[in-house]
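Q:
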Amino acid sequence: MQNEHSTAILFVCLGNICRSPLAEGVFSHVAADLGLSSDFSVDSAGTGGWHVGSAPDPRSIAIAAKHGIDISGQSCRRIADDDFERFDLILGMDRSNVDDLKASGAHRYRSKVDLFCGKAGLGPIEIPDPYYGGDDGFANAYRVIREASVALAGQAR
Ligand code: 4NP
25 MQNEHSTAIL FVCLGNICRS PLAEGVFSHV AADLGLSSDF SVDSAGTGGW HVGSAPDPRS
85 IAIAAKHGID ISGQSCRRIA DDDFERFDLI LGMDRSNVDD LKASGAHRYR SKVDLFCGKA
145 GLGPIEIPDP YYGGDDGFAN AYRVIREASV ALAGQAR
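In my numbering, the protein residues as written are 25 to 181.
So, in structure tokens, the structure goes:
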């Protein structure tokens, strides 16, 4: 159940199979731990459409599972025009996600778009795309996403 003041957050990366599904799962988990589930509704999407309908990358599923979070049921989708209306915050994982979002959404929605870590108050930190790298990239993405999630969810307190 969402309360009437709940914040709808859309996490966005390029492919919607590595970073943003992790952000969706980790943020939900962190919000629940803080007793703040009803303050947020969350989803994720990609600016690119190569993997639409796929489950998250197995490496993202694995790093989430290692921390007790199940993201295996998520399904990749591409950002749609009405997302800019429906969501209160549209948070990119890196600067190019933010630039793509600002270029594709209508001008009046630009204030909803931000860098995830920046909005969380961690500074202009990007979460690098781990897709072509080793497992380190996924461990790093998890660590930064967790820290940003705790900081952002904590703002609702
Ligand atoms: P993500 O990683 O943006 O964190 O989901 C990527 C996954 C797939 C591709 C690029 C980035 N790709 O080009 O297929």
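The beta-carbon is built from N, C-alpha and C at its ideal position, and this holds for glycine as well.
According to DSSP, is Ala130 part of a helix, a strand, or is it coil?
A: In the structure shown, Ala130 sits in coil (DSSP, three-state: anything other than H, G, I, E or B).
Q: Taking 8 Å as the threshold (C-beta atoms), are Ala172 and Phe140 in contact?
A: Going by C-beta atoms, Phe140 is nearer than 8 Å to Ala172.
Q: Could you spell out the range, first to last residue, of the alpha helix (DSSP H) harbouring Ile87?
A: Segment 82 to 90, the alpha helix (DSSP H) holding Ile87.
Q: What runs of the beta strand (DSSP E), each 3 residues or longer, lie entirely inside the region 131 to 159?
A: As far as the region 131 to 159 is concerned, its whole beta strand (DSSP E) runs of at least 3 residues are 137 to 139.
Q: Under DSSP, the beta strand (DSSP E) around Ser65 begins and ends at which residues?
A: First-last of the beta strand (DSSP E) with Ser65: 64 to 70.
Q: Please report the straight-line C-alpha distance between His131 and Glu109, rounded to a whole angstrom.
A: Rounded to the nearest angstrom, the two C-alpha atoms are 12 Å apart.
Q: Pick helix, strand or coil for Arg119, following the three-state DSSP scheme.
A: Helix at Arg119.
Q: Which residue comes first and which comes last in the alpha helix (DSSP H) that contains Leu46?
A: 43 to 57 is the extent of the alpha helix (DSSP H) around Leu46.
Q: Which class does Ile114 belong to by DSSP, given the choice of helix, strand or coil?
A: Of the three classes helix, strand and coil, the one that applies to Ile114 here is strand, per DSSP.
Q: Once the 5 residues before and after Lys90 are set aside, which same chain residues still bring their CB inside 7 Å of it?
A: Once the five neighbours on either side are set aside, Lys90 has no close Cβ partner at all.
Q: Could you tell me the distance, in whole angstroms, from the CA atom of Pro82 to the CA atom of Ala165?
A: Roughly 14 Å separates the two Cα atoms.
Q: When we look at the beta-carbon of Gln98 and count the other beta-carbons within 10 Å, is it buried (16 or more) or exposed?
A: Classification of Gln98: buried, given that the 10 Å Cβ count is 16 or more.
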